[in-house]
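Engineer: Every letter in the first sequence is one number past the one before it in numbering that gives the first Met the number 0, and letter 191, counting from 1, is 190. All C-beta atoms, glycine included, are put in the ideal place defined by N, C-alpha and C.
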Amino acid sequence: MTKKVRTRFAPSPTGNLHVGGARTALFNWLYAKNTGGEFILRIEDTDFDRSAERFTNQILSALSWLSMDWDEGPEVGGPHAPYQQSQRLERYQEVVESLMDKGVVYPCYCTDEELQAERERQKSRREPPRYSGRCRNLDNAEIKKFEEQGRSFAYRYQIPDKPATVEDVAKGTVNFPPDQVGDFIVVKSNGYPAYNFAVVVDDHDMEITDVLRGDDHLSNTPRQLYLYEELGWEPPRWCHLPMILGDDGERLSKRHGATDVESYREQGFLPEAIINALVLLGWSTPDGVEVKKIGELINDFTLSRINRSASRFDYDKVKYFNSQHLRSLPAEELASRLQPFLPEEMLSEDLDNLEQIIEVFREQLVLLSDFSELYREYFSNQFSPQKSALELVNNNPQGAKIIREFLTNLEGIDDFNLTNITEAIKNTAQQVDQKGAKLYKPMRVAVTGQLEGPEFHTLMVPLGKKRCLDRIQTVLQELEDD
RNA sequence: GUCCCCGUCGUCUAGCCCGGCCCAGGACAUCAGGUUUUCAUCCUGAAGACAGGGGUUCAAAUCCCCUCGGGGACACCA
0 MTKKVRTRFA PSPTGNLHVG GARTALFNWL YAKNTGGEFI LRIEDTDFDR
50 SAERFTNQIL SALSWLSMDW DEGPEVGGPH APYQQSQRLE RYQEVVESLM
100 DKGVVYPCYC TDEELQAERE RQKSRREPPR YSGRCRNLDN AEIKKFEEQG
150 RSFAYRYQIP DKPATVEDVA KGTVNFPPDQ VGDFIVVKSN GYPAYNFAVV
200 VDDHDMEITD VLRGDDHLSN TPRQLYLYEE LGWEPPRWCH LPMILGDDGE
250 RLSKRHGATD VESYREQGFL PEAIINALVL LGWSTPDGVE VKKIGELIND
300 FTLSRINRSA SRFDYDKVKY FNSQHLRSLP AEELASRLQP FLPEEMLSED
350 LDNLEQIIEV FREQLVLLSD FSELYREYFS NQFSPQKSAL ELVNNNPQGA
400 KIIREFLTNL EGIDDFNLTN ITEAIKNTAQ QVDQKGAKLY KPMRVAVTGQ
450 LEGPEFHTLM VPLGKKRCLD RIQTVLQELE DD
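1. Straight-line CA distance for Phe415 to Val446?
2. Going by the CB atoms, is the gap between Gln266 and Leu366 shorter than 8 Å?
3. Would you call Thr301 buried or exposed, if buried means 16 or more other Cβ atoms sit within 10 Å of its Cβ?
4. When the Cα atoms are used, what is the spatial distance from Gln86 to Ser97?
5. On the DSSP bridge list, what partners appear for Asp167?
6. Are the beta-carbon atoms belonging to Tyr108 and Phe152 less than 8 Å from one another?
7. Taking all protein chains shown into account, do 16 or more other C-beta atoms lie within 10 angstroms of the C-beta of Thr208, making it buried, or fewer, making it exposed?
8. What does the Cβ neighbour count give for Tyr314, buried or exposed, with the cut at 16 atoms within 10 Å?
9. Buried or exposed for Phe145, please, with buried defined as at least 16 other CB atoms from any protein chain shown within 10 angstroms of its CB.
10. Distance check for Thr23 and Gly213, CA to CA, integer angstroms please.
11. Going by other Cβ atoms of all chains shown within 10 Å of its Cβ, with 16 needed for buried, is Pro159 buried or exposed?
12. Let me check one thing: in DSSP terms, what residues is Gly213 bridge-paired to?
13. Is it true that the segment 129-139 meets the segment 212-229, where meeting means three or more beta-carbon pairs spaced less than 8 Å apart?
14. Residues bridged to Ile158 by DSSP?
15. Tell me, which residues are paired with Thr6 by DSSP?
16. For Phe47 and Pro192, what's the separation of their Cα atoms in angstroms?
17. Closer than 8 Å is the cut-off here; do at least three beta carbon pairs connect the segment 346-358 with the segment 284-304?
18. Could you give the residue range of the alpha helix (DSSP H) that holds Ile357?
19. Closest by CA to Gln157, which one among Leu211, Met99 and Tyr194?
20. Are the Cβ atoms of Lys292 and Glu261 separated by less than 8 Å?
21. Please name the residue in Asp247, Phe183 and Asp369 whose C-alpha comes closest to that of Asn195.
22. Over what stretch of residues does the alpha helix (DSSP H) that includes Ile184 continue unbroken?
23. Taking its Cβ as the centre, do 16 or more other Cβ atoms sit within 10 Å of Pro339, making it buried, or is it exposed?
24. Report buried or exposed for Asn380, applying the criterion of at least 16 other Cβ atoms within 10 angstroms of its Cβ.
25. Can you confirm whether the segment 163-182 touches the segment 233-243 when touching is taken to mean that 3 or more C-beta pairs between the two stretches lie within less than 8 Å?
26. Judging by CA-CA distance, which residue of Pro441, Ile297 and Gln363 is the nearest neighbour of Ser387?
27. Output the distance between the C-alpha atoms of Glu206 and Arg5, rounded to the nearest integer angstrom.
28. Secondary structure at Tyr105, three-state DSSP: helix, strand or coil?
29. Only counting the same chain, and skipping five residues up and downstream in sequence, which positions put a Cβ closer than 8 Å to that of Arg326?
30. Along the alpha helix (DSSP H) that carries Trp69, what are the first and last residues, could you check?
31. For the alpha helix (DSSP H) that contains Tyr374, what are its first and last residues?
32. Restricting to runs no shorter than 4 residues, where is the alpha helix (DSSP H) found entirely within the segment 375-441?
33. By alpha-carbon positions, which one of Asp432, Arg250, Gly132 and Phe320 ends up nearest to Leu277?
34. Tell me where the alpha helix (DSSP H) around Phe455 begins and ends.
35. Determine whether the beta carbon atoms of Gln92 and Asp201 lie at a separation below 8 Å.
36. For Gln83, list the residues DSSP reports as bridge partners.
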């Protein structure tokens, strides 16, 4: 029997969750869900200077919003707690000591300046910039001298001089020639573990079976592989995902505008739309159907359909997905999603009719935030017909007459429902013997003051009899004033 | 600079592993028509790509090589 799949997402809390990170999390989550495995969340906060708790909180909340729940991790705990690297320092120490016992780890007293100077020198000589191993064989006298100078030290791992072969699910077999990497730091001088060391320890301890991550990590993998071999641990399966680039083809960064998941939430995107858009970056559905619900994605997701080339996040397409998902949401659900986006001035009677109003605007909505403008335009008490709209009615010889007949027909309605309103429209059509735009435009203008917009007879129901009649009278008034 | 990854319509991609069904299919965006007695929706259509060059082969988007282009790593960042 094969082992149960355990994937993880291991963000560093040095910024908000951005689309690249979310995509990585998503693939790990989907893969775990698809195989009935577990998804672990781990916080890699070993960058003492840049990590901040508010980022951890933001990441957690963004993940939750996207509906990616984790089986183990912060807040939920689990058998391998704590899931935060800054709280696992003792464990790293323990592993470093075992490496020291094997003599494959040594203290390095080099300062930042020295290391940087070394790199500069190598570059100018057109050599690969990498650590020379100068502290590898320090004798006691030298160590004593450094100690007396008050220098701090970091631990470096002495890499074996041999090629590394990474078997990657997405990229295939990748060979790295020897001599490409220098001895790297496993524990920083502040006592915190360095990335390449901490991931190995944690992924092993947490029994991670599959590591799905951005392919910017591919060239780090040999280092990690060396460590796995040194420690006698079985490495996970690696699957390096193609990167998501900015619209200019460059690595995603702050200046690319909206890259935070949070900002999409604020703009009125639905989490399922973001997920739908994200999953198609570097992966494709087996049947070619692109708009999918989360459950369908879980069902469809396999590693074999991951592609290998980088992609860009297309804002227009996310909007398309949003409009599609918006349409398939039940009115009740949509009403609840809309809550944070409702205009403050919304009337209580309209609030009561929210679901009805939603149906009026449904096809027009692309973002949740579009609702309030639509509401203001068609439900506002400040009703002021557009000039161009009035002109059109004026230019129609029957215009005013249509509206007057329409008004009379509406006045006679007791129960102001869609059937009766439609009836009134039909009656008006017969009375004035008009059809098409000539008939409908004046009525539309009379009710909405505009030439375009949502289907106006559906809109009339939640607008209510009184507001409709008032508006029609206003329009008639303004027509006469001309 | 060295090493690694990648290169199909403007964008996301299918096809590539196992060459022929691909003078390359779909989606978004764009443009043009049409349906809907109004509007929105929707439908139909158009335009639009195998980075370039060599090979191998009866046959190459698919296999091999080179070039070019993009990205990544070479950090006491992850």
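Structural biologist: Let's see:
1. Position 416 of the first sequence, counted from the start, is the residue given in the question as residue 415. Position 447 of the first sequence, counted from the start, is the residue given in the question as residue 446. So the alpha carbons of these two residues sit roughly 14 Å apart.
2. For the purposes of this step, residue 366 is identified with residue 367 of the first sequence, where counting begins at 1. For the purposes of this step, residue 266 is identified with residue 267 of the first sequence, where counting begins at 1. For Leu366 and Gln266, yes; Cβs fall inside 8 Å.
3. The residue given as residue 301 occupies position 302 in the first sequence. Result: exposed.
4. Here residue 86 refers to the residue found at position 87 of the first sequence. Here residue 97 refers to the residue found at position 98 of the first sequence. So the two alpha carbons sit approximately 20 Å from each other.
5. Indexing the first sequence from 1 puts residue 167 at position 168. In the DSSP output, where bridge partners are listed per residue, Asp167 has Gly171 and Trp237.
6. Within the first sequence, numbered from 1, the residue matching residue 108 stands at position 109. Within the first sequence, numbered from 1, the residue matching residue 152 stands at position 153. It is a contact, given that the beta carbons lie within the stated cut-off.
7. Here residue 208 refers to the residue found at position 209 of the first sequence. So Thr208 counts as buried.
8. On the first sequence, residue 314 is found 315 positions in, with the first residue counted as 1. Exposed, because fewer than 16 other Cβ atoms sit within 10 Å of the Cβ of Tyr314.
9. Residue numbering aside, residue 145 sits at position 146 when the first sequence is read from its first letter. Phe145 comes out buried.
10. Against the first sequence, residue 213 aligns to sequence position 214. Against the first sequence, residue 23 aligns to sequence position 24. Looking at the two C-alpha atoms, the distance is approximately 7 Å.
11. Numbered from its first residue, the first sequence carries residue 159 at position 160. Classification of Pro159: exposed, given that the 10 Å Cβ count is below 16.
12. What you label residue 213 is simply residue 214 of the first sequence in a count that begins at 1. Bridge partners of Gly213: Leu240.
13. no
14. Counting from one through the first sequence, the residue named residue 158 turns up at place 159. BP columns for Ile158 are empty, so no partner.
15. In the first sequence, counting from the first residue as 1, residue 6 sits at position 7. According to DSSP, Thr6 bridges with Phe38 and Asp209.
16. Residue 47 sits at position 48 when you count from the first residue of the first sequence. Residue 192 sits at position 193 when you count from the first residue of the first sequence. Each residue's alpha carbon lies about 11 Å from the other.
17. no
18. Against the first sequence, residue 357 aligns to sequence position 358. Counting along the chain, the alpha helix (DSSP H) containing Ile357 begins and ends at Leu353 to Phe360.
19. On the first sequence, residue 157 is found 158 positions in, with the first residue counted as 1. Looking at the Cα atoms, Met99 is the closest of the given residues.
20. For the purposes of this step, residue 292 is identified with residue 293 of the first sequence, where counting begins at 1. For the purposes of this step, residue 261 is identified with residue 262 of the first sequence, where counting begins at 1. Contact flag unset, no.
21. In the first sequence, counting from the first residue as 1, residue 195 sits at position 196. The residue with the shortest Cα to Cα distance from Asn195 is Phe183.
22. Residue 184 sits at position 185 when you count from the first residue of the first sequence. Unbroken run through Ile184 is the beta strand (DSSP E), Phe183 to Val186; no alpha helix (DSSP H).
23. As a working note, residue 339 is residue 340 in the first sequence. By the 10 Å Cβ count, Pro339 comes out exposed.
24. By one-based count along the first sequence, residue 380 stands at place 381. Flag for Asn380 reads exposed.
25. yes
26. Here residue 387 is taken as the residue at index 388 of the first sequence, counted from 1. When each option's Cα is compared against that of Ser387, the closest is Pro441.
27. The residue labelled residue 206 in the question sits at position 207 within the first sequence. The residue labelled residue 5 in the question sits at position 6 within the first sequence. Cα-Cα distance, rounded: 7 Å.
28. The residue given as residue 105 occupies position 106 in the first sequence. Looking at Tyr105 - three-state DSSP - the assignment turns out to be strand.
29. Here residue 326 refers to the residue found at position 327 of the first sequence. Answer for Arg326: Arg361 and Glu362, listed in chain order.
30. As a first step, residue 69 must be located in the first sequence, where it is residue number 70. No alpha helix (DSSP H) holds Trp69; DSSP gives it neither H nor E.
31. As a position in the first sequence, residue 374 is number 375, starting the count at 1. Looking at the DSSP string, the run of the alpha helix (DSSP H) that includes Tyr374 is Asp369 to Phe378.
32. 386-394, 398-410 and 417-431
33. On the first sequence, residue 277 is found 278 positions in, with the first residue counted as 1. The shortest Cα separation from Leu277 among Asp432, Arg250, Gly132 and Phe320 belongs to Phe320.
34. Numbered from 1 along the first sequence, position 456 holds the residue referred to as residue 455. Per DSSP, Phe455 belongs to the alpha helix (DSSP H) from Phe455 to Leu462.
35. Indexing the first sequence from 1 puts residue 92 at position 93. Indexing the first sequence from 1 puts residue 201 at position 202. Against a cut-off of 8 Å, the Cβ pair of Asp201 and Gln92 comes out as no contact.
36. In the first sequence, the residue the question calls residue 83 occupies position 84. Looking at the DSSP assignment, Gln83 forms a beta bridge with Ile42.
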